[in-house]
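Be aware that the sequence shown starts at 1292, since it is given in the working numbering, and climbs by one per residue. Working notes for the structure below.
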Amino acid sequence: SKLRKDLTISGKTLVSGSRILADFETLSAARLPFRLWYRPASVWMKAGSTERGWRSTVANTLGAVARAEGPMRFWAWSQLIARGLTWAVLKGGVVFFSKAGVARVQVASLGFGNAINLTALALFCHSLSSWWQSLYSRGRAEENDVLGSQSSLREAQINALKVLMQVIVWTFYLVGVFWSMGINPGRVLLFPSIGAVVLGWVGREILANLMAGVMINLTQPFAQGDWVALENGTIDGWVQDIGVFYTRVVQWDKRPIYVPNYKIMTMNVQNNSRMTHRRILFDLPLRIRDIPKLPQIVQEIQDMVNHHEDVDSVQHRLVRWREIGAFSANIWVSCYTRPTLDGIRLGPWTAAQQSILERCTGIIYKN
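Below you can see the structure in the form of structure tokens.
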């Protein structure tokens, strides 16, 4: 499509090869076709008018307030039930309770009310952290393609920060509930029999899954949306969700597989989304009687690979005659795609493979 002369870039840069396109003249002179990638700016850093900035601020404020709907409902109903039960106990047991008993019921009711307040606050903070993640997350992978190393690392950092915030919130919540009930948290943690009961009730594997899920998010071996291979490729697919107990991986045939988190901690994890290049590797068999022509063929293929537009010039570009088989002499070709997002995506990578194969075939038939 035609470019208008009033095109505004607003401080952003468009890249064509190694050139930075920062104005209309260089943009118009760029070699076509080129691809334009656009990522929306942060909701707090969007360029634009003051009115647009205020609209974004108001919209995000309303979104944060909407996260309080569920916790507020929980708080209202829980307080209503707690006060109703307290009133019924005191009203019905006024004949049986002494003044000290009534005071104990009132103190217990106050502690229970504080616990309800803390629970509602923790639920709100948990929901708020999940909402914050949804603003900056790239979401689940919807396409069978690589999303890039920077995108993967950014997503992993967002997930790690969200999990860290939630762990802090629920840790303070438990401490606050214990204190509101008049229980010293240190004594609870140091009381061995209670620890044994908790471990026996929760179960070793459940606790291991919980801890492994937290560690996966904090250590960031992969993130939601990454293409991973586990156990030397026996599990190969896209991470759709990192849950509390399981990580769901959707394989290339669209069948989901649920892997316990604690097992992932002992697996070899290959994160394909964080590759910088993709390798192109061929073994080209030639007839034994064509061996005299091999030096010329190898040289021409080497020149072609050296000047191929999709091959990276920094990594090795090797074409060698490496072996003689029982019925053929084999030429070994090895090179890498460019370190760009297009260079590692499945479509452009296979197109580069096809292009090199076609040119190799032409050179072989010519000789």
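Glycine included, C-beta positions come from ideal geometry on N, C-alpha and C. Predicted model only: the values in this text are computed from it and were never measured.
Kindly provide the ranges of any beta strand (DSSP E) runs that are 3 or more residues long and lie completely inside the stretch 1524-1557, ordered along the chain. 1526-1533, 1537-1542 and 1547-1551
Per DSSP, which one or two residues make a beta bridge with residue 1628? Here residue 1628 refers to the residue found at position 337 of the sequence shown. Per DSSP, 1602.
Taking Cβ to Cβ, would you say residue 1455 is nearer than 9 Å to residue 1509? As a first step, residue 1455 is located in the sequence shown; it is residue number 164 there, counting from the start. As a first step, residue 1509 is located in the sequence shown; it is residue number 218 there, counting from the start. Cβ atoms of residue 1455 and residue 1509: closer than 9 Å.
Using DSSP with H/G/I as helix, E/B as strand and the rest coil, what is residue 1474? Taking the first residue of the sequence shown as 1, we reach residue 1474 at position 183. Three-state result, residue 1474: coil.
Look at residue 1541 and residue 1521 and say whether their C-beta atoms are less than 9 Å apart. The residue labelled residue 1541 in the question sits at position 250 within the sequence shown. The residue labelled residue 1521 in the question sits at position 230 within the sequence shown. Contact: no.
Supposed contact pair residue 1518 and residue 1244 - C-beta distance, whole angstroms, cut 8 Å: No information on residue 1244 is available, as it lies outside the stretch 1292 to 1658 that the chain covers here.
Exposed or buried, residue 1502, counting other C-beta atoms within 10 Å across all chains shown (16 or more means buried)? As a working note, residue 1502 is residue 211 in the sequence shown. The residue in question, residue 1502, is exposed, as its Cβ has fewer than 16 Cβ neighbours within 10 Å.
Beta carbon of residue 1632 nearer than 9 Å to that of residue 1612: In the sequence shown, counting from the first residue as 1, residue 1632 sits at position 341. In the sequence shown, counting from the first residue as 1, residue 1612 sits at position 321. No, the pair does not count as a contact, with Cβ atoms beyond the cut-off.
Less than 9 Å separating the beta-carbons of residue 1605 and residue 1592? Working through the sequence shown from its first residue, we reach residue 1605 at position 314. Working through the sequence shown from its first residue, we reach residue 1592 at position 301. No, the pair does not count as a contact, with Cβ atoms beyond the cut-off.
For residue 1415 and residue 1362, believed in contact at Cβ under 8 Å, the rounded distance: Within the sequence shown, numbered from 1, the residue matching residue 1362 stands at position 71. Within the sequence shown, numbered from 1, the residue matching residue 1415 stands at position 124. Yes, residue 1362 and residue 1415 are in contact; Cβ-Cβ is about 4 Å, under 8 Å.
Label residue 1628 either buried or exposed according to how many other C-beta atoms from any shown protein chain fall within 10 Å of its C-beta, with 16 as the threshold for buried. For the purposes of this step, residue 1628 is identified with residue 337 of the sequence shown, where counting begins at 1. So residue 1628 ends up on the buried side.
Taking 6 Å as the limit between beta carbons, can you name the residues of its chain near residue 1418, skipping five residues before and five after? For the purposes of this step, residue 1418 is identified with residue 127 of the sequence shown, where counting begins at 1. Result list for residue 1418: 1358, in chain order.
Taking the alpha-carbon positions, what's the residue 1496 to residue 1655 distance? As a working note, residue 1496 is residue 205 in the sequence shown. As a working note, residue 1655 is residue 364 in the sequence shown. Cα-Cα distance, rounded: 59 Å.
On the three-state DSSP scale, how would you describe residue 1573? Residue mapping note: residue 1573 aligns to position 282 of the sequence shown, counting from 1. Strand, per DSSP.
Could you pull out every residue in the same chain whose Cβ sits closer than 7 Å to the Cβ of residue 1658, ignoring the five residues on either side in sequence? In the sequence shown, the residue the question calls residue 1658 occupies position 367. Only 1584, 1587 and 1588 meet the Cβ criterion.
Going by C-alpha to C-alpha distance, which of 1406, 1377 and 1554 sits closest to residue 1474? To locate residue 1474, count along the sequence shown from 1; it is residue 183. Cα-wise, what sits closest to residue 1474 is 1406.
What are the boundary residues of the alpha helix (DSSP H) that includes residue 1642? Your numbering for residue 1642 matches position 351 in the sequence shown. From DSSP, the alpha helix (DSSP H) with residue 1642 extends over 1637-1657.
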